[in-house]
Amino acid sequence: MTNRLPHSLRADARDNRERILAVTRTVFAAEGLDVAMREIARRAEVGPATLYRHFPTKEALVTEVFTEQMATCTAIVDEGLADPAPWRGFCQVIAKVCELHAQDRGFTAAFVSAFPRAIDFAAARERALRKVAELARRAKEAGKLRPDFVLDDLIMVLMANGGIRTTSPAAAVAASRRFAALLVQSLQTEPVRPPLPPAVRLPLTVVT
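For the sequence shown, the positions run 4 to 211 when the numbering used here is used.
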């Protein structure tokens with residue numbers, strides 16, 4: 004009994020931390036960074052003391068969530084770069100990054116604005132873009148990616164993807180998947196047209 008107790012406590016603490024981060028990602032993406040720490044604790048079903056034990060300040064909590072998101076983005080790009088088929092890897096990067104971006108719902112912009120010195124976001128972004136550029140180069144050499152594609156096109160894509168407005172987070176992800184599929188088809192050199200993901204009904208009220 005005594006030997007099992009520390010392990011159990013560590014497991015409980017780990018579960019609490021993961022639940023706090025999961026709730027924080029959802030809350031901040033949907034409602035912004037102004038949500039109070041006590042409200043995050045309530046939704047994560049932990050006491051305020053438990054929340055502050057893991058994350059003494061809101062900046063520490065938000066920075067951890069953002070760091071995890073950056074790690075996810077880096078893993079997506081690395082996975083695409085490691086794919087022996089460059090075009091397939093490129094398509095997967097576009098699709099997954101667009102989906103991640105749709106789930107973000109302005110969180111990155113809000114984080115960078117609120118805590119500009121918390122993490123070197125610019126350097127991490129540049130590293131990721133260099134890897135995408137290398138993947139694009141390989142896809143071009145394989146004859147799959149149109150030769151006039153430039154990295155600024157990807158920036159434009161993410162800007163457009165970030166402008167998707169829907170009635171729910173799930174609809175935003177679904178719309179992003181269709182958008183990414185349309186984009187990929189426009190970038191390939193071969194006239195292959197696989198079926199698109201299902202269309203999503205979007206509110207016309209945001210179109211001016």
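For glycine and all other residues, C-beta sits at the position ideal for the given N, C-alpha and C.
Measure the CB-CB distance between residue i and residue j and report whether it falls below 8 Å.
{"i": "alanine 131", "j": "threonine 77", "result": "yes"}
{"i": "valine 203", "j": "alanine 177", "result": "yes"}
{"i": "valine 26", "j": "alanine 47", "result": "yes"}
{"i": "isoleucine 38", "j": "valine 30", "result": "A small fix is needed here, since residue 38 is valine in this sequence, not isoleucine. Going by C-beta atoms, valine 38 is nearer than 8 Å to valine 30."}
{"i": "lysine 147", "j": "proline 89", "result": "yes"}
{"i": "histidine 57", "j": "arginine 22", "result": "no"}
{"i": "alanine 136", "j": "leucine 154", "result": "yes"}
{"i": "methionine 73", "j": "alanine 127", "result": "yes"}
{"i": "leucine 186", "j": "isoleucine 97", "result": "yes"}
Give me the Cβ distance between residue i and residue j, rounded to the nearest whole Å; I'm assuming they're in contact under 8 Å.
{"i": "alanine 32", "j": "glutamine 95", "result": "Incorrect: roughly 23 Å between the Cβ atoms, too far for contact."}
{"i": "leucine 24", "j": "glutamate 62", "result": "About 15 Å separates the two Cβ atoms, so there is no contact after all."}
{"i": "leucine 84", "j": "leucine 138", "result": "5 Å"}
{"i": "glycine 35", "j": "histidine 104", "result": "No, glycine 35 and histidine 104 are not in contact; Cβ-Cβ is about 17 Å, not under 8 Å."}
Please report the straight-line C-alpha distance between residue i and residue j, rounded to a whole angstrom.
{"i": "glutamate 42", "j": "threonine 192", "result": "51 Å"}
{"i": "proline 172", "j": "phenylalanine 69", "result": "18 Å"}
{"i": "valine 80", "j": "serine 189", "result": "21 Å"}
{"i": "arginine 196", "j": "serine 179", "result": "18 Å"}
{"i": "valine 183", "j": "aspartate 18", "result": "Looking at the sequence provided, one finds alanine at residue 183 rather than valine. Answer to the nearest angstrom: the Cα atoms are 34 Å apart."}
{"i": "threonine 60", "j": "proline 51", "result": "12 Å"}
{"i": "phenylalanine 152", "j": "glutamate 129", "result": "18 Å"}
{"i": "threonine 111", "j": "proline 150", "result": "31 Å"}
{"i": "isoleucine 122", "j": "leucine 199", "result": "37 Å"}
{"i": "lysine 134", "j": "phenylalanine 93", "result": "11 Å"}
{"i": "arginine 28", "j": "glutamate 82", "result": "23 Å"}
{"i": "isoleucine 167", "j": "valine 100", "result": "14 Å"}
{"i": "threonine 169", "j": "arginine 45", "result": "27 Å"}
{"i": "arginine 141", "j": "threonine 75", "result": "22 Å"}
{"i": "methionine 159", "j": "alanine 16", "result": "42 Å"}
How is residue i classed by DSSP in three states: helix, strand or coil?
{"i": "leucine 199", "result": "coil"}
{"i": "leucine 148", "result": "strand"}
{"i": "leucine 12", "result": "Because leucine 12 carries a pLDDT of 46, less than 50, the predicted location of this residue cannot be relied on, and the following value inherits that uncertainty. Helix."}
{"i": "glutamate 21", "result": "helix"}
{"i": "valine 49", "result": "coil"}
{"i": "phenylalanine 58", "result": "coil"}
{"i": "isoleucine 122", "result": "coil"}
{"i": "alanine 178", "result": "helix"}
{"i": "alanine 183", "result": "helix"}
Just to confirm the assignment, what range does the alpha helix (DSSP H) spanning residue i have?
{"i": "alanine 77", "result": "In the sequence as presented, alanine is not what sits at residue 77; that position holds threonine. Where threonine 77 is concerned, the enclosing alpha helix (DSSP H) stretches over 61-85."}
{"i": "aspartate 107", "result": "89-107"}
{"i": "leucine 157", "result": "154-165"}
{"i": "glutamine 191", "result": "Glutamine 191 -> no alpha helix (DSSP H), and no H or E assigned at all."}
{"i": "arginine 168", "result": "Arginine 168 -> no alpha helix (DSSP H), and no H or E assigned at all."}
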